[in-house]
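Chemist: Pasting a structure here, questions to come.
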Amino acid sequence: MLCGGASATKPATSETQKIADEVKPQLEEKEGKTFDVFTAVEFKTQVVAGTNYFIKVHVGNDEFVHLRVFKSLPHENKPLSLHGYQSSKLKHDELTYF
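Quick note: the sequence shown uses the UniProt record's numbering, first residue 1, plus one each step.
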């Protein structure tokens, strides 16, 4: 995969769910609400100086949120960071760079 290009969309894994769970409090703080349902459905990755994860998360009913999470390089030892999100998404909305 070329540096900077996003991968194909893949089904979420347990690692993807772990990443989503770790940034969930950051999203809840920004949105001013709590999500009872928070299930990662699919994701893309983009290699930069670290990795951007684009994760589609089911948050209940027909609602989805797209997260952009930055994971720094291992030697930097930094926590995952929610770099952006898009709310009010639907199940069939494509994960795109944002």
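Note that beta-carbon positions come from the ideal geometry of N, C-alpha and C, so glycine has one too.
Closer than 6 Å by C-beta to T9: which residues in its own chain qualify, once you throw out the five before and the five after it? Chain order, please.
Modeler: One-based indexing of the sequence shown puts residue 9 at position 9. So the qualifying residues of the chain are E42, K44, L95.
Chemist: Only counting the same chain, and skipping five residues up and downstream in sequence, which positions put a Cβ closer than 6 Å to that of S81?
Modeler: Along the sequence shown, read from residue 1 onward, the residue named residue 81 stands at position 81. Result list for S81: F70, in chain order.
Chemist: Nearest by alpha-carbon distance to A6: which of H75, I55, V37 is it?
Modeler: To locate residue 6, count along the sequence shown from 1; it is residue 6. Nearest C-alpha to A6: I55.
Chemist: My guess is that T34 and V57 are in contact by the Cβ rule of under 8 Å, so how many angstroms apart are they, rounded?
Modeler: The residue given as residue 34 occupies position 34 in the sequence shown. The residue given as residue 57 occupies position 57 in the sequence shown. In fact, because the Cβ distance is near 14 Å, the residues do not count as touching under 8 Å.
Chemist: Please name the residue in E29, D93, G32 whose C-alpha comes closest to that of V65.
Modeler: Taking the sequence shown and counting its residues from 1, one reaches residue 65 at position 65. It is D93 whose Cα lies nearest to the Cα of V65.
Chemist: By DSSP, does P11 sit in helix, in strand, or in coil?
Modeler: For the purposes of this step, residue 11 is taken as residue 11 along the sequence shown, with counting starting at 1. It is a strand residue.
Chemist: Output needed for K91: all residues of its chain with C-beta closer than 8 Å, excluding positions within five of it in sequence on either side, in chain order.
Modeler: Indexing the sequence shown from 1 puts residue 91 at position 91. For K91, where only same-chain residues beyond five positions count, the Cβ hits under 8 Å are V41, H58, D62, F64.
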